[in-house]
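Heads up, the thing below is written out as structure tokens.
Numbering (our numbering), first residue to last: 13 to 403.
Okay, structure coming up:
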């Protein structure tokens, strides 16, 4: 297993590589590969089957873990722009029939709830796509009448969000002869953005030039609450909270920004905040009493368009940071995991200059593209925190 060390220096690439004996960083860095492989699988096995279908609805039935979070994020991001209802359900609804598409997602081929939902979907004649392993009870339940999209890239379960997001997006792009492709992000472009984000977050890049290391440093040793500027960002914050706990054992809350701001302001008023001149090194519990509570750090994940609003809403908080995906696209030919990045911190986010000093914003890939970049950054930050022993 990965050898944790609370004294690990994030700028010591050799020590990071030595500590990461089970590939935590590599798993987190494969988001782009997952998107590319999943998109190829949908094009190969699903697109032709769904192309002539004008569905009454698309139902996302998700198992435990990242599958459910991906369904919530996808519906929040594109649901308003699709001409039929997108439904997130725990099991196949009773009203599902031949006019519907059911996408079942999960990592456990033995999940009885997914098996029962698969059986119900195919029995009622719905077009059924399983983003699951092609084995066990699920294969029996499908009875040869469903399409399987098993994982093609091996990663840890908490790093599978991008696979489920890509599968859902590709299915929506395939139905109705591709009528909704124009309102959905280009998955090839998103995969390129995620590759570039992973390259920026390579262990050889110093904290100041590495968005994931910088985020890990901000979270390390702090009382952290994650939030978002919009509905998709809040789902992303909840994903981040879950990944931090699962990967690094770091407890970080997550919630709607209005709730977080109200709670933190109330906590600051009622708790004993540290005075400006307080120095923990000279504190003596016997003479000085209990140590003052550390201020809660609020990390807001948001799109560029909502960054200014998020900064205004968090202005009254004692410790907050607003993070966007403000990263220009990088020429894939210039991505080198072994060369140092030429990054600068921009307002509300990070920016890396290309060879010619120019670039395009990831938000050109839509809200979901920016969300994907931030999700990868969070997962790589969690991997770095794991190597630090969750400290």
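Glycine is no exception: its CB is placed at the ideal position from the N, C-alpha and C atoms. Predicted model, so just to flag it, every value in this text is computed and none were measured.
Rounded C-alpha distance that separates residue i from residue j
| i | j | result |
| --- | --- | --- |
| residue 137 | residue 109 | 6 angstroms |
| residue 82 | residue 45 | 17 angstroms |
| residue 176 | residue 78 | 8 angstroms |
| residue 354 | residue 54 | Caution applies to residue 354, whose pLDDT of 31 falls short of 50 and renders its modelled position unreliable; the value that the coordinates give is listed next. Their backbone Cα atoms lie some 36 angstroms apart in a straight line. |
| residue 32 | residue 144 | 28 angstroms |
| residue 52 | residue 381 | 18 angstroms |
| residue 378 | residue 196 | 8 angstroms |
| residue 216 | residue 192 | 41 angstroms |
| residue 282 | residue 312 | 23 angstroms |
| residue 224 | residue 272 | 23 angstroms |
| residue 401 | residue 236 | 17 angstroms |
| residue 142 | residue 155 | 12 angstroms |
| residue 308 | residue 325 | 16 angstroms |
| residue 93 | residue 62 | 19 angstroms |
| residue 348 | residue 208 | Its pLDDT being 38, under 50, residue 348 is placed unreliably by the model, and the measurement read from it follows with that caveat. Cα-Cα distance, rounded: 9 angstroms. |
| residue 404 | residue 102 | Beyond the ends of the chain as shown, which are 13 and 403, falls residue 404; an answer cannot be given. |
| residue 275 | residue 393 | 25 angstroms |
| residue 338 | residue 21 | 27 angstroms |
| residue 395 | residue 50 | 23 angstroms |
| residue 268 | residue 310 | 11 angstroms |
| residue 328 | residue 181 | 38 angstroms |
| residue 106 | residue 133 | 9 angstroms |
| residue 234 | residue 34 | 26 angstroms |
| residue 390 | residue 227 | 8 angstroms |
| residue 264 | residue 318 | 23 angstroms |
| residue 385 | residue 280 | 32 angstroms |
| residue 95 | residue 165 | 32 angstroms |
| residue 57 | residue 85 | 24 angstroms |
| residue 316 | residue 254 | 24 angstroms |
| residue 29 | residue 320 | 38 angstroms |
| residue 240 | residue 387 | 12 angstroms |
| residue 146 | residue 122 | 11 angstroms |
Proximity winner among the options, relative to residue i (alpha-carbon distances)
| i | options | result |
| --- | --- | --- |
| residue 115 | 125, 100 and 107 | 100 |
| residue 41 | 236, 307, 221 and 205 | 205 |
| residue 25 | 91, 222, 254 and 106 | 222 |
| residue 119 | 160, 306, 322 and 140 | 160 |
| residue 104 | 111, 34 and 131 | 131 |
| residue 135 | 158, 148 and 50 | 158 |
| residue 172 | 23, 188 and 259 | 259 |
| residue 246 | 262, 263, 261 and 270 | 270 |
| residue 232 | 65, 278 and 306 | 306 |
| residue 148 | 30, 140 and 127 | 127 |
| residue 150 | 331, 385, 117 and 164 | 117 |
| residue 125 | 153, 70, 328 and 383 | 153 |
| residue 36 | 58, 106, 64 and 256 | 256 |
| residue 398 | 261, 327, 317 and 179 | 261 |
| residue 278 | 234, 227, 330 and 318 | 330 |
| residue 60 | 139, 29, 121 and 146 | 139 |
| residue 80 | 169, 27 and 146 | 169 |
Bridge partners - residue i, DSSP secondary structure assignment
| i | result |
| --- | --- |
| residue 98 | 70 |
| residue 235 | 308 |
| residue 335 | 313 |
| residue 160 | 142 |
| residue 265 | 237 |
| residue 116 | 73 and 142 |
Whole-Å CB distance - residue i paired with residue j, under 8 angstroms assumed
| i | j | result |
| --- | --- | --- |
| residue 249 | residue 238 | 4 angstroms |
| residue 167 | residue 39 | 4 angstroms |
| residue 314 | residue 252 | Not really, about 13 angstroms apart at Cβ, beyond 8 angstroms. |
| residue 322 | residue 333 | Wrong, their Cβ atoms sit about 10 angstroms apart, outside the cutoff. |
| residue 67 | residue 187 | 6 angstroms |
| residue 174 | residue 43 | 4 angstroms |
| residue 183 | residue 70 | 7 angstroms |
| residue 178 | residue 47 | 4 angstroms |
| residue 189 | residue 64 | 7 angstroms |
Residue i: CB within 6 angstroms of a non-hydrogen atom of the ligand SAM
| i | result |
| --- | --- |
| residue 109 | This structure simply doesn't include the ligand SAM, nor any ligand for that matter. |
Test: residue i CB closer than 7 angstroms to a CB of chain B
| i | result |
| --- | --- |
| residue 130 | No chain B appears in the structure shown, which is made up of a single protein chain. |
Worksheet item: Is it true that the region 196 to 215 meets the region 72 to 86, where meeting means three or more beta-carbon pairs spaced less than 8 angstroms apart?
Response: no
Worksheet item: Is the region 84 to 93 touching the region 209 to 221, taking contact as three or more C-beta pairs under 8 angstroms?
Response: Contact between the region 84 to 93 and the region 209 to 221 is absent, because fewer than three Cβ pairs lie under 8 angstroms.
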